[in-house]
Every structure is written in C-alpha cells, then in structure tokens.
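> One structure coming up, written as structure tokens, with questions to follow.
4 protein chains.
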Amino acid sequence: MHEKCGVVGMSLTDRSAAHPLYYALYALQHRGQESAGIVTHDGFQQYDHVEMGLVGDAFTEQALEELHGTVGIGHVRYPTSGSVDACCAQPFSVSFKSGSLGLSHNGNLINADAVRDELAAQGHAFTSDGDTEVIAHDLARNLLDGGLIQAVRRTMGRIHGSYALTIIHDDAVVGVRDPDGNRPLCLGKIDDGYVLTSESAAIDTLDGELIRDVRPGELIRLDPDGTGYTSYQLEEHTHSAHCFFEHVYFARPDSVIDDNLVYEVRRELGRQLWEESGVESDVVMPVPDSGRAFAGGYAEVADGVEFAEGLMKNRYVGRTFIMPTQDARERAVRLKLNPIKSTVEGKTVTLIDDSIVRGTTSTQLVEVLREAGAEAVHMRIGAPPIVAPCYMGIDMASRSELIAADRSVEEIREEIGADSLAYLSIDAVARALDTSREDLCLGCVTGEYPYDIPDEAADRDVTRPAIGEDPVSPAD
Amino acid sequence: MHEKCGVVGMSLTDRSAAHPLYYALYALQHRGQESAGIVTHDGFQQYDHVEMGLVGDAFTEQALEELHGTVGIGHVRYPTSGSVDACCAQPFSVSFKSGSLGLSHNGNLINADAVRDELAAQGHAFTSDGDTEVIAHDLARNLLDGGLIQAVRRTMGRIHGSYALTIIHDDAVVGVRDPDGNRPLCLGKIDDGYVLTSESAAIDTLDGELIRDVRPGELIRLDPDGTGYTSYQLEEHTHSAHCFFEHVYFARPDSVIDDNLVYEVRRELGRQLWEESGVESDVVMPVPDSGRAFAGGYAEVADGVEFAEGLMKNRYVGRTFIMPTQDARERAVRLKLNPIKSTVEGKTVTLIDDSIVRGTTSTQLVEVLREAGAEAVHMRIGAPPIVAPCYMGIDMASRSELIAADRSVEEIREEIGADSLAYLSIDAVARALDTSREDLCLGCVTGEYPYDIPDEAADRDVTRPAIGEDPVSPAD
Amino acid sequence: MHEKCGVVGMSLTDRSAAHPLYYALYALQHRGQESAGIVTHDGFQQYDHVEMGLVGDAFTEQALEELHGTVGIGHVRYPTSGSVDACCAQPFSVSFKSGSLGLSHNGNLINADAVRDELAAQGHAFTSDGDTEVIAHDLARNLLDGGLIQAVRRTMGRIHGSYALTIIHDDAVVGVRDPDGNRPLCLGKIDDGYVLTSESAAIDTLDGELIRDVRPGELIRLDPDGTGYTSYQLEEHTHSAHCFFEHVYFARPDSVIDDNLVYEVRRELGRQLWEESGVESDVVMPVPDSGRAFAGGYAEVADGVEFAEGLMKNRYVGRTFIMPTQDARERAVRLKLNPIKSTVEGKTVTLIDDSIVRGTTSTQLVEVLREAGAEAVHMRIGAPPIVAPCYMGIDMASRSELIAADRSVEEIREEIGADSLAYLSIDAVARALDTSREDLCLGCVTGEYPYDIPDEAADRDVTRPAIGEDPVSPAD
Amino acid sequence: MHEKCGVVGMSLTDRSAAHPLYYALYALQHRGQESAGIVTHDGFQQYDHVEMGLVGDAFTEQALEELHGTVGIGHVRYPTSGSVDACCAQPFSVSFKSGSLGLSHNGNLINADAVRDELAAQGHAFTSDGDTEVIAHDLARNLLDGGLIQAVRRTMGRIHGSYALTIIHDDAVVGVRDPDGNRPLCLGKIDDGYVLTSESAAIDTLDGELIRDVRPGELIRLDPDGTGYTSYQLEEHTHSAHCFFEHVYFARPDSVIDDNLVYEVRRELGRQLWEESGVESDVVMPVPDSGRAFAGGYAEVADGVEFAEGLMKNRYVGRTFIMPTQDARERAVRLKLNPIKSTVEGKTVTLIDDSIVRGTTSTQLVEVLREAGAEAVHMRIGAPPIVAPCYMGIDMASRSELIAADRSVEEIREEIGADSLAYLSIDAVARALDTSREDLCLGCVTGEYPYDIPDEAADRDVTRPAIGEDPVSPAD
C-alpha cells in the first residue's frame, strides 16, 4: 500500500528556493521514493532537475545551486498511472507559446484517456501515458486564450478525479485542490515566503507555520515576490470526499490534514477501537511502526492492560534481500519482525495494526507470536476492512489480492489464525475525524466511490459479503 | 556512537551454510554497516566473499551459491582500528602451512602493536594494520606445533583486550570470548546445526533456540557434522568485565545477552530512572527509537503521567543529505525529528533518552520542544554520564567531544537548556543487570578500565569533576 | 569535431528486429556515443528502450528481448541542438490520435524555432528544445488529415535544414532524406528484410547488400512484411548539398556514401594532395588513425618516399584523464601520440592528416617530431582549411576557435611551427568525389551555406583572408 | 593472449611522484587493464592506492594528491597466478619489522609453491595465492638480518622463474630483473629524477631519455634524492632467455626493449617474411592493428604489390556485447572487422598478422575476405607457430586451444581455409632481434623452456608434429 506522490510549491522574497524545496521534499519522502524533482524560475527562465531515486540521492549541492530563482515547485513520486521510468518522473516541464510550465501532481484522473483523446484530435502528441502530461497540454492550450487562473479553471472543468497540484508558470506558483478535496494540500508561512505542500510537516521542517488547508476547488496563487498569496474559489464546493486513509496510514503523524493532527486521529481511532471491540489481555502491543499510535490510544483507555513493544523491527531489511526458497520467504518475517519473548511468553496478547491488506504479514505475525509462547493473540485493526481497490491515487493492491474483498471478518480471522479479530466501524472513523461519512471518500471500505470509475463494475466480479456491516468477528 | 562488529559461526548437518549465515548477518546488521563477509569450507577448500556495504548489497544469490560447505563464519563490520577500506573488511582469511584460516573479530586488542612487533621480529609481514591479522598470524604460528584448541589457548595467552571471535580452520568452527567477557557471544541450536553469534536475535531469525552465553575465557568448538559442540575453558574466569552499553544502546532489544533480555533491562533502567529522579510532568515521551523502551518502563511506574510519542522520526534521513550552511545544519534536527504539537504544546514534558554523547542532539531537541510550546522540558537519561572514551571496541567519540568529560550534570543541563536533567546511577545499572559493579566494564562512565590502556593517561588531560558521583542535576 | 547522429530503420519478414537493430547501431557507434535507442512495433503496440551511453552499455539481452516486433528504428546520438541529457536521447517517441510515432534524426533544422512557434500558437507544449520533437508534433498534426506519406510531405514543406530521418508509425517504417541530401542515408537488403541506415557499413554488419543511396528529397517506405519497399520522391531534386566532410572525416572508411567508397575517396584525396603540393621528404607518415588512408594514397603516387608509422597511438587515453597542471596538459599529447624514433630521427618528415580544427594537436605533433629529431616537418592536409562553423549537424567548434577562421595558410604554418603546410583545394575535393562544387555543401570551407542560417552574419564578425583561395602556404 | 603486468618505479628530486607514476602507468596500460596501483613514501610513511579497473578510472586527482612523497612504484595488472579479485591487485604492500615494503611484479615464479611452503613451515600465513606475496614475505624475513640489497640477493637465490620487479622499502626504490632477463625492465632519466619501467615508452611520456635496459640479474637502486642510481649485479649473467613475443605482440611499437626498437623489429620480421615465404598477390593488407608494422615491412621489400587497408576495425566493440545465438557469434567478426570491398574484390590478397593462437579469428577473416570477393587469400604470419603454452608470465591459452599444438602448417592452412599459409622461422626471429636462438625464450614455439616447469610434462599429452620445423605450408 503506497501513497503515490507528494507535492510542494514555494515563493520566497529573495532567497533561492532550491534548498527549502529540497528540505520540504525530504519531509515528504514517505509519499514517494521512486523519483524526486524540483523546477524553479528566476524571472527569465525555468530550471529543472528530476531524477530517479530518493531525495538525498537525486540532488547534489551543485544540482541545487543550478536551480536559480526564488520560486519553484517540487515532487516526490510513487508511480500512479504511467509506467515506472525516468520519463514519468515529475515535476513535468513543458515550454509552449506563453512561456514555460511545470506541474507536480498527486492524485489520479479518471477521465484522463478521454481528455487525451480530445487533445490528440487537435493534433497533440504525447511523450508519456501519464495524467500529468494531459493536464499540461490542456493548460498550455487554455493559456493561448487567457491568464493562468482562467486556464486552470477551464482545465478543472474538463478533468475529473483526485488531484492536488502545484504549478509553476514562468514565475507564478499556484496550488490547486480538486473540488472534492480528495488529496491533501495546505498553505503555510515561513520567515521569508509562502509554501504550498501535501503535508504540514514540510512547513515545520522549514520552521514555518501552517496557515490552513487549501479548500476543495480552491486555487492559491503565491505572489512572485514571496510577500503574500491570493485565493480563487474556482469550483463551488458542495461536499467533500477526503481520503480517510491519509489519516490512517499514509500521512506523517506530525502533519495536520483537514484540520486534524494525524497523530491525534490515530490515538482516537485506537480509543474507539477499545470502545467498539476492546478485549481483555495481559498485554497490548503495536505492529511497529504503523500500529504504534493506535495502540497508544487503545492502551490509554483500556483498563489494566500493559502496553509493551513485543515485536522488534529490523530497520535494515530493505529491497535487496535474497530469498531463494519458499522456506526462506516465510522466514523473512522473522528477519523483519522478531518477537521479544518476555512480553509474549505465557501471555494473552492484543496486537494492534492500522489495516490489513493482503493478510500475509498478519498471518505470519500471529504465528510468530504463538511460537514465542503467546496464550492467545487478538488482532484489532484501526480501520474498517478494505474491500475494494483505490482508484483515487493510492496503490493498494488489486481486488483479488485484498483479503477482505470476498471474506467476512470471521473468515479473515480464521485465515490469519487469530483468536479474535475486530476492525473499526466506518462511523467510528467519521467520529474520530469529526466529520460525516458523506464528506469522506470511503471507496476502499464500501466499494462505492465518489466518482464513476470507468471499468470499475467489470473489475468487481468477486463475491463478497455485504460491505461495511459488522466489522467485528463473531469470535469476539 | 557505533558498535564495531558482529560475528557468527555455524556448523550444519548437510545443508549449505551460506544462506543461514547471510540471514544471521542480516540480523546483526545494526552492529556494522561498512562491510559484510562470509567464509565457508566444504571439507576440501575454503571459500570467501567479503564486500564493502550492507549485507543486502554485499551478496547476490550467485555469491551465496558459490560459498560451498556446511560450515562457515560471517562478519559485519564497523571499523575498529585499521583504516576504513576494503582490505580491512572481515572475515580475515589466510592460508598457511596447516591449511586455511578465517577469522571474525568483535572487540579491540590493547597490545596488538606489541604482538605485531614480536611477530615482525620473526619475519612476519602484515598487509593491514588491523588487530585481526595479528591474531591470524599468531594462530598460524602456533598451529605449527599443535592443534587448533592448543593454538588458540597460546594466542589467548599473548593477546590482551576485548574479543569475541569466530574462527574457521579448515572445517572446524570455534567461538572464543575474551577472559573478561567484554564483548558478547552466545551459542544456539537450530534444526540442523549449531550457531555461535554476537546476539541471540540472529538465532531467532533462524528459528533456533538460544542455549547459553559463551562463558568468559571459554572456547566452543562446533562439531563439523553439525551434531554437537564441545566446550573448552581456555582461561580461568575470575571476574567479568561485561560491557553494559550493549544493553543500554547497541544490542537489539530482542537479544538476550549474559542472561538478560535487552528489552527488559531497558524497561527496568527506565523504572529505576523514575525511582531515582522521577519528575512530575504532563507527558513523558521517548527520543525515538533509542529511548522508547526506557520511556515505557519509566511511564509504567510513574503515576498519572501520560506516555506519548512527541517526536516524529523521518526514517529517510540518511547519509546523503546536503547541508550547505550553518543555518541548514541547525534545521537538520527538524528534518530528522519533528515535534507532534498536540502532545507538547502547553505541557510539561519529560524526554527520555538512553545516553548523551556530544549533547548536540539533546540541545536541539530541547529547543525544538520549547518552540513547539512545551512549558518545561525535563531530560532523563537511562545511563550514567559518559565521561571517557571506550577503548574496548566501541566508537564513541574522542574525549574532548564528550559533553560530560569535563562538565558536571548541572553544567550539562545548562548547556542543553533543559529545565532539569538526571542520569541514572551506576548502581542502578548494576541492579538492572542483576550483577555487581565489579563484573561490568564501566570505563566510559568512570574512566577506570579493566585493562591498562596504553596512552590512556596522556589522553586524559582534561579537567573534569569527580567521576561517577551525583548523576542528578541540582536543578531537579 | 563530432558527427552528430546515426539512424537506422528496418523491416524483417518474421524475425524480431531488435538484435539486428542493435548490431546496426554498433556499426554506427562512431556517429554518436552519448545515447542509444531502439523503437519497435509488433503490430499492436510500440516498444522503446533509450539510454545514455554506448550501445554496448545501453542494452542488455533482456532489454532487447522486450523490444517485440519485426519492424523498428534505432539511433545513436551526439547532441545537436537541445541539451545533453536523457530527455533528448532518441528515437523520440510520442503517442497521438492515430497511433504511435518514433523518430530518429540526423541533421539540424534551421527553422526549428519558427515551426515550434507556429505549433505553440496552436496550443502545442514541448518537453524538450530539440528539433526532433518539433518534427514529431508537426507530423502528428498532419496525420490528423492524411496518411503517413502525405503527412511527411507536408512536414517537409515546412521544415528547412539537413535531415536524414527514420520514422516508425505503427508498423510502418520510412526513411527520408532532405531535398539537398546533406546527411547520408542509404537502403540495403538483408536475407530476410530491408534496412535504412546512415552508412552502408551497418548493412555489411548484417551480411546484407547495399541497394543504393536514398535520393535527396526521397522517402522510402519499407513494407511491414519485410518483402519490399516503395519510393516516393516527395520533393523535386534540383541540386545537392552533400556534406563532403562525411568522406573526409566522419564516415567509416568501409562505407559507401553517395556512390563513393569512403576509403577510396580518402586515398584519392591523398593522391591529389601529392599532385597539388607534394614535397620531397625521407618519410611520409599519417597522424593515426585519421590520416592513414590519405597518407596511403599520397605515398602510393609519391616517388621514392618511404611510408611508415611514426606516431604510436595510445588507445587507452580516454575521457577520464587527470591533467591538473598546464605542464601536464602539454604532456598529454605524448601520452596520446608518441613518436617512433627510428622513423623520425635525422629525417625529413611529411605528416599527413585529414583536417586541422583548432590547431592545438598539430602544433604539439610538430614539436614532438622535432624533439624526436626530425630534420624538417611538412604538414599536408587532405581537405581545404575550415574557415567557418557547420550549421548542418556537425559539432566542429565555434568560429573563434577555428585556427583558419582568420589566418592565412602561411600564418597557420607559422602558428603550428611546420616547415611547410599545404591544404587540398576545393576543386580537388570535388574531383575526388566525382561531382561538381555546386553539389556539395562547402559551408565550413567557404563560409557560404546552402541555406540562410539565422544569425550567421552576426556570428561572422572576424576578419579573415579571402576564403577558398590558395590553400598552399607560400613557404612550400 | 595477454601480457600480464607492467611495472614502474621512480625517484624524483623534490616533486611528488604520484602524477608522473600515473602518467607512466597510462603509458603501460596495454600491459594490464584489470587493476592499477601506486605506492609512495614520503620519508616517514608509506601511502598506497590500488583499485580495480583502468588507470584512468582507478585514480582521481584527490587520490593522487594523497600519495605523498618523491619516491614510489606503480603497477598495472592482468592476473597471472592468483584469482582475479581486488586482493590480488598490486603493488602488494606489507608492513614488517624494518618498515614498509611495496612490490610490483611482472612475470611468473615457477617455484612459488615450494617457497611458500618453506615460509609456511616457519609460521607465515598468506592472504592470497599470488607469487608476489611470497616474494614479499621472503624479503621481509631476509630484511631481519640485512639491508635491502642483501635481502633481495637472498630472495633471488630462492625464487626461480621470470620477474621484473620494482620494490619500495621505506624511501628506497629498486628494480630487479631475473637472471635470464625474461621480462623487460629498463632505466631512464627524466628532468628531475630516475625511472625504472617495463617499457621505455613510459619514459618518453615523461619527456625523459632511456638510459639502458636493466641487465639480467641486475638490481638498480635509485638514490632517494632523485639524483642518481647504483647498479648491483646480484646474479652472474651467463645467458639470456628474453621473451621474443614482447617484440612480436605485447610491447608498444615505440618501446625499445633489449636494445631493439619494437617497431623496427616488426618491420624487419615483415621483411624476413617476404624473404622466406613471399607470395605474389595484387594487394597486401594487415590485420589491424596487430599486423600493420609487419605488413609495412613486407610490402616495402615486396615488388609491385599494393599495400592497402582492407579491413576496417570497429574500435567500439568491447567487452559489453550481446551475442545470444551462434549465428550472431559468427557475425561478431563482421562487427569488429569489416572488409573494404574496393581493396578486396576480384583481387588476390596477402593478409599479414603477427600470430595465430586459436585460429578462430583467422578462419573468420579468410571467410570474410572471400565473401568480399577476394580471388585468393594468402596468410603470412610474422612469428613461428605457437605450439605450447607460456609458463613465464603470458596468458596465451591452454595447450588444447592452440591451433598449432597438434597440427602441421598445412593442416592449419586447411583449417582456416587460406590458399596458402606461412609462418616465420625461428632463425628469422633471432636474426631480426640480432641475437642467437640460445638467448631467447622460445618455449611457446618449441615446447622447450629455459626452466623446468612443474607439471609441464603431464600437460603435454597431445600428439603433434615435430616442433620448429618447416613453418611453411606445402601449399605455398
């Protein structure tokens, strides 16, 4: 399960934007590890540096120094649509009649093919199959007839889907959030300028202050001289479709998204989990690191249960790991997460995680804990079951890989071998976020999306129990 | 502060040892990230593969497949003495009259130069300036006149310092621990063989069981057919000089060292910390990840104090990070550890860490918490002040860099800007380890070493307050 | 002085085109070492692989195997206009309304900016500042209204400059040569298909036969089934502007270009050189490797002069060479070309090269030969003096760097320190090529170009003697 | 067929030796491309830098600047005995009782195992299985009892085989050549110091003058202050065993070895070839580049035959070349060497090369020339048939791979498909080198070696015609 991108935009009074953009991307690194890029403008021309790899590897000091100008945008990427190669790394830069344009995109258009076809019918040729080039071409075309704000408005009228965009057009930097606010974007003030970014933690990194979230359908234009910003409500906002998984999984705990501090939301989800399906046990422990805040909240309100780390995470287990045999593949979980016997042996254990996707890791963890001597293993999950894929910009898994796509909670419990299993209800999620179900995108836990997804029906040919009901296994 | 090596040795009944050795090294990766190596023997000849870099990068599947034989040793390295280049990576292999020899060494000899000079006077020539080559040459010489056990005994009679060694001589694998047991080494049983390793977590990774620690001065010889082992007490054991920092900092929490589970020791050190210098505050929070277990123990026995994560760690901050200006260098701490405002703002905070070396990070964290709105910041450290360098195999810092080398606790408190500061007493450490002060190496916290360190006196020309007294700042 | 690209196109009956394209690119490697790429089509979709570096480094066996289809094009590149980075490597691929398109381009458009502006005014956005993207967009636009042949005809009506193109549109492969035939392109037959390529040596590599040169203004369309080809004379051919430097310097000696075998042309230029300015000397020697064929021809007709290798070339001197001081920089020529004393000492020497660009190497060689004991050093150059830059696709040097831009032959002789110096006349070049001056592009040796080069006048503000007159130094 | 190493040593008056050593290694690059290294000494300590790869890749400017001192040695390596990895790269450095020692070795010891065993019996342990470590250990042992000259004398009394050594012991640099002078070594003077090197071309590169060859059995000691040198005849010289293949193949044409300029020797061998087995043909052409000087000499004395380049060499064909099928493997020769039709078609051709090892390339070239229309292809080889492997430091091929090991000249002619084939006689080689057969090592062309090669007899179990007789195929 991967977040698919992080974006940033910045305008400073008289300092080069390259280093601050670099630090901001470092703070957003968890949102994309495949490529990193920065585009700046110095009033005369556009500069760009985009490379595959982590932020720290993609830039050298010299590369930063060659990115002249006090305004710029940046991007970290995990591939959405479009293939995973160098040509799809962002920001996406083009030159056209009225100058130069750079785009950073987080999200997923659902009508990209249709818009591309329309543009192609007008003679456009595309070098990639990504959404972002489609937006860039449409903007370039609209900019023939008007200014940037007007052009973005027209493009927003044509594209549908989720997007948080930062755009640089010559020395103008703007940020735009889709009319439903699906992907996060916020505005902050630093000492000598303004910042637009996917997460407020990037503003903290620059010793700045979060001003507010960009509103769904709003465009924020940063003044090129770094002294202020202007808001344009390009699309009327009627309801939201915020992605609740940003809070559950993707975003950093220290970020504030749509007015909620992620860490506090997770603690609260943990408390709700105890309220809805608390179970007596000797010890409650998180799956590190994802379940830690949930477990903290759960333990806080649970009476008498000891909170302890019961699984040691090996931080060196990375992509380069040789697993030649099936035997070894199973052992990999012991390399990655080893039980701390003293907190497990002879005890009943409640294991807290944020979500279950395929179920493989959960199955292995339950087994590992049993082997380490756990009397009982209860799993509690700080979100509802994931029953359907995400079409809005998150790489979860295909429907057939999702353990909850066609299984009841009891069936999942049996599959992973836990003594009991409980998920959190959707209502609890809404409560923790202090909003209504209607203002959340719940596609992955209900199968009902805020947009008509092309081919979604065809994709949905698996049998499964009624969705969103009774998230607690009967075994509890 | 870096642990300087991890070692492993193994003998299996009829499976190639290469993959299990690789997994064991993966489990020991935290003990050395500069190089990794494996030496095996198939009864006819010795095979080796040693490379710079992490375990996952140093080996390919093909490299493992070419390491034939059911017995072998392995090593991960952070450089001790000797320069940091490829030639000093281990295991160190030599061929000599009686066959081939491979050595993996964790520790530091204090009379390496003297032994080298003696060997040189007999005509030996050395390709490196490392300890390990000295041991290898001495062993090779002793093996002219006797068997392996006898040769190791003679070599142990000549070398002084800390060492945990795994040695492969043709198809014999042995493990040896120095007579004071300064560096850890333990013995385990897996399904089809026996394992010697720096930490028991490596045995867990192979689904095995820890049998026991190797005793100070003991040599364990694994049967070449993987069916058993023999113990030889080569040096009489009178007292120990176990490194307590293994428990405080270096070892994995899930390892058992000298009969103590590291995680439990840290929890207990946290509890002792509350007993000795507990302070009322709204919230207690760890410096992640090093202070977490300490903070858990502290919070467990502290009444009414909320345990929370207050600092978010950016796991992507690595070695490749551009910090061109002093300004940016200070900001680096915000990139690495960002406060979670809700758990800090308007609150009194107790921040728990395992140790303070230079004090730079502590200073920055206190400042970061104050900027995030903390009313007060109390620091509690789960170990005594580090007043002197380690000469026994840990890369701490030079004496002049140690903040506690010439400062009282109150002076350190002032330096780092905390409202109060307390370290743990040496007695509390001994209690937590269920041993006496006399059986611990306390050199780094007392300046008195279990061995005469050459040039240590010359090195000690800094004024400092009496050592080991009153670890609590008067401000508390 | 660098050739700027090599192109190839291929259609086979039923074998994958990837390997043959790879071998063809290997044969064209001398025309571009910065990047290499192949685009194929299997009837359903287009595949591409483009990487920086030499052909041998850019492709792996797996990369070739994933390039499905019996038709394809390829490219090796030395950057023309456009920056030297990954995004400008070719073939340039786009998808558009009617399918997919790949282009390989050798040459240089002189009105690229104007065409780009026109397309931008219609809303096109460009990801690079290269010529080739302009051609691709224009083609894509023209393909809205017609077939490929018609679209290329229209595009050719808009673009001006030098070009040899191979184009793949879905499974159709075509080759086009500009109306003046400035850059070479030829057609060949191999066992199971047809090949279009910059040089016939690539056809030899595939054990095929050269059919003929593509005519200026002609388009050759390869049948998708590999069984034949069709010719379309898209622009009427009135006169040629063949680049004579292909014969003098760039092309392989074993290639046939515009009906002339390059090796024979060079031998003939050498013979002409003797006719025009032969000088008595003990020995005649080439500057290796460039002057070898010229010297062979010269020596063949010279009476009594001994032909010998007098300079030894170090083939390992490459790009990674450390030259920290001016002193060392001068020594570099001795590393690269060392005299063989026996053929130089005490002798009068005629040194033959193909051209002089900056004059630095010539100066050093004369000095090196004198130090080795040469009694006299006569230089003979197998081409006229280069007095002006190339705007048609060759990277020669800027005007101010050209030694002949503002010097008479006598002044050059003095500069390089030779006893005598003679260039070849333009008429001799025309004779050797068996054509008229009017059918050659002589821009670099006359300063008069077959096209109006924008900004060429401004560029030409250096004083120089009358061009094209008296190529022989008075000293002879 | 590969030369196996190049060595250099240097002492300068007051300039750092690092850069001159680097340039010298660049000039010796053809003698070894696997690794490169330099060891220097500044009067206080030894510095070294050894890396895998070409000279230009192995050193950076910074690496050179860190090699302090005015004296040093260097090495380029193609692996002799010992495995091909980083640990066997040279110079080989050791520290021992009396200081530090670095060795660069070209050659091959035939009793290395025996000497190693003797040292091992005294307790020595070896990190590699290379000759050079054996020499280093023996020297270190001998240096216990005496000075460097005395120690080298003793070591020379124990080792047997071929060697040209440069040795640095603290700030003393010496060069030694084995008593038979098998491998080359010479002495030169540069502006500010003295140089010992495998080939005089390296002295030219430094603008120096060759003084003379080091004599067989002689040691030259360079004064540490760069102002002179002293000669010690350590072993009496009775006869020589110079390697004639240095002149035929390995050495640079511009080097002088044992008083003969290599280029002139090759020209003379070509002339002798015409005398012994000249054949009428329309054209004589070299296999580039190895046969060029031979062909030049041949053509010079041949009446009426045209000398021409008939094969074009593709200089980009390197190690990274994909050849998936047998078909492609055969084609590789066309990629590497393409015929120039005009010089081949309809003509009788004499193709000149320096030697035939396996015969594969010769077979392909004959075929390629026939396909290009040659009426007849006569091969003439500038050396006698290679009938046995080299045990003295050259990597030729195993006996079973040598086409001439068990075939008569006529059988070889048939195998490669030439119309006629002739080798040069051994007497002609001796004449060209102005020496007697007795002073040459002719092992590879007679099977009789100047030393008793262990296991050579066992190796020689192939039937072959009488050796050294009648090198001309009856077909001529």
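Which chain is which? The protein sequence lines are P, H, A and B, in order. Numbering follows UniProt numbering, with no gaps: position 6 of the first sequence is 6. Numbering follows UniProt numbering, with no gaps: position 415 of the second sequence is 415. Numbering follows UniProt numbering, with no gaps: position 346 of the third sequence is 346. Numbering follows UniProt numbering, with no gaps: position 149 of the fourth sequence is 149. Glycine included, every Cβ here is placed at the ideal spot set by N, Cα and C. This structure is a prediction, so every number in the text was calculated from the model and none was measured.
Indicate whether residue 284 (chain B) and residue 265 (chain B) have their beta-carbon atoms separated by less than 8 angstroms.
Cβ atoms of residue 284 (chain B) and residue 265 (chain B): not closer than 8 angstroms.
> Taking any Cβ of chain H, which residues in the segment 198-225 of chain P have a Cβ under 8 angstroms from it, in chain order?
Answer in chain order: 201, 204, 205, 206 and 207.
> Please state whether the Cβ-Cβ distance between residue 8 (chain H) and residue 196 (chain H) is less than 8 angstroms.
Yes; because the gap between Cβ atoms is below 8 angstroms, this pair is in contact.
> In terms of residues, what are the limits of the alpha helix (DSSP H) holding residue 352 (chain H)?
Not the alpha helix (DSSP H): residue 352 (chain H) falls in the beta strand (DSSP E), residues 348-353.
> For residue 213 (chain B), list the residues DSSP reports as bridge partners.
Partner(s): B:186.
> If we define contact as Cβ-Cβ less than 8 angstroms, is residue 124 (chain B) a contact residue for chain H?
It does; some Cβ of chain H falls within 8 angstroms.
> Going along chain B, which residues have a C-beta under 9 angstroms from residue 129 (chain H)?
Chain B residues near residue 129 (chain H): 95.
> Looking at the unbroken beta strand (DSSP E) that takes in residue 69 (chain P), where does it start and where does it end?
Counting along the chain, residue 69 (chain P) falls outside any beta strand (DSSP E), and DSSP gives it neither H nor E.
> Does the pairing of the segment 339-359 of chain P with the segment 276-293 of chain P give three or more beta-carbon distances under 8 angstroms?
Contact between the segment 339-359 of chain P and the segment 276-293 of chain P is present, because at least three Cβ pairs lie under 8 angstroms.
> Judging by CA-CA distance, which residue of H:74, H:334 and H:169 is the nearest neighbour of residue 146 (chain H)?
Looking at the Cα atoms, H:169 is the closest of the given residues.
> Hey, how far is the Cα of residue 160 (chain P) from the Cα of residue 109 (chain P)?
Rounded to the nearest angstrom, the two C-alpha atoms are 6 angstroms apart.
> Within 10 angstroms of the Cβ of residue 45 (chain H), are there 16 or more other Cβ atoms? Answer buried if so, exposed if not.
Per the 10 Å Cβ criterion, exposed.
> Quick check: what's the CA-CA separation for residue 6 (chain A) versus residue 345 (chain A)?
For residue 6 (chain A) and residue 345 (chain A), the distance between alpha carbons rounds to 42 angstroms.
> Work out the CA separation of residue 414 (chain H) and residue 474 (chain H) for me, nearest whole Å.
Confidence in residue 474 (chain H) is poor, its pLDDT being 41 and thus under 50, which makes the residue's placement unreliable; the coordinate value appears in the next sentence. About 11 angstroms.
> Are the C-beta of residue 141 (chain A) and some C-beta of chain C separated by less than 8 angstroms?
The chain inventory of the structure shown lacks chain C, comprising the protein chains P, H, A and B.
> I'd like to know whether the C-beta atoms of residue 313 (chain P) and residue 335 (chain P) end up nearer to each other than 8 angstroms.
Cβ distance not < 8 angstroms, so residue 313 (chain P) and residue 335 (chain P) don't count as in contact.
> Give the interface partners of residue 137 (chain A) over in chain P, defined as CB-CB distance under 7 angstroms, in chain order.
Residues of chain P passing the Cβ test: 125.
> Over what stretch of residues does the alpha helix (DSSP H) that includes residue 56 (chain P) continue unbroken?
It spans 55-58 - the alpha helix (DSSP H) in which residue 56 (chain P) sits, taken as one unbroken run.
> Along chain A, which residues have their Cβ under 9 angstroms away from the Cβ of residue 144 (chain P)?
What residue 144 (chain P) touches in chain A: 120, 121, 122 and 123.
> Mind listing which residues of the segment 29-40 of chain A have their C-beta closer than 9 angstroms to chain B's C-betas, in chain order?
Hits within the stretch, in order: 29, 30 and 33.
> Out of curiosity, what's the CA-to-CA distance linking residue 361 (chain H) and residue 234 (chain H)?
Each residue's Cα considered, the two are about 44 angstroms apart.
> Can you list, in chain order, the residues of its chain with a C-beta nearer than 6 angstroms to that of residue 139 (chain A)? Leave out the 5 residues immediately preceding and following it.
So the list reads 151 and 155, once near-sequence residues are dropped.
> If I follow the unbroken alpha helix (DSSP H) through residue 433 (chain H), where does it start and stop?
Looking at the DSSP string, residue 433 (chain H) is not in any alpha helix (DSSP H), and its letter there is neither H nor E.
> If we ignore side chains and look at the alpha-carbon of each, how far apart do residue 442 (chain A) and residue 390 (chain A) end up?
About 9 angstroms.
> Just curious, the alpha helix (DSSP H) that residue 477 (chain P) is in, first and last residue?
Residue 477 (chain P) lies beyond the stretch modelled for chain P, which goes from 1 to 476, so this question has no answer here.
> Show which residues of chain B have a CB atom less than 9 angstroms away from the CB atom of residue 74 (chain A).
Correct list: empty, because the minimum Cβ distance to chain B is about 14 angstroms.
> Return the Cβ separation of residue 392 (chain B) and residue 130 (chain B) in integer angstroms, given the expectation that the two are a contact with Cβ distance under 8 angstroms.
That pair is no contact at about 16 angstroms.
> Count the CB pairs spanning the segment 55-74 of chain A and the segment 119-128 of chain A that are closer than 8 angstroms, and state whether there are at least three.
No, because fewer than three Cβ pairs between the segment 55-74 of chain A and the segment 119-128 of chain A fall closer than 8 angstroms, the two stretches do not touch.
> Once you ignore the five residues that flank residue 267 (chain P) on each side, which residues in its own chain have a CB closer than 8 angstroms to its CB?
Excluding residues within five positions, the ones whose Cβ falls inside 8 angstroms are 293, 294, 296, 297 and 300.
> Using 8 angstroms as the threshold, is the C-beta distance between residue 340 (chain H) and residue 434 (chain P) below it?
Not a contact, by the Cβ cut-off of 8 angstroms.
> In chain H, which residues lie less than 7 angstroms from residue 342 (chain P) when you measure between Cβ atoms?
The answer, in chain order, is 261, 263 and 264.
> Evaluate residue 384 (chain H) with the Cβ neighbour count: other Cβ atoms within 10 Å of its Cβ, from every protein chain shown; 16 or more gives buried, anything less gives exposed.
Buried: at least 16 other Cβ atoms inside 10 Å.
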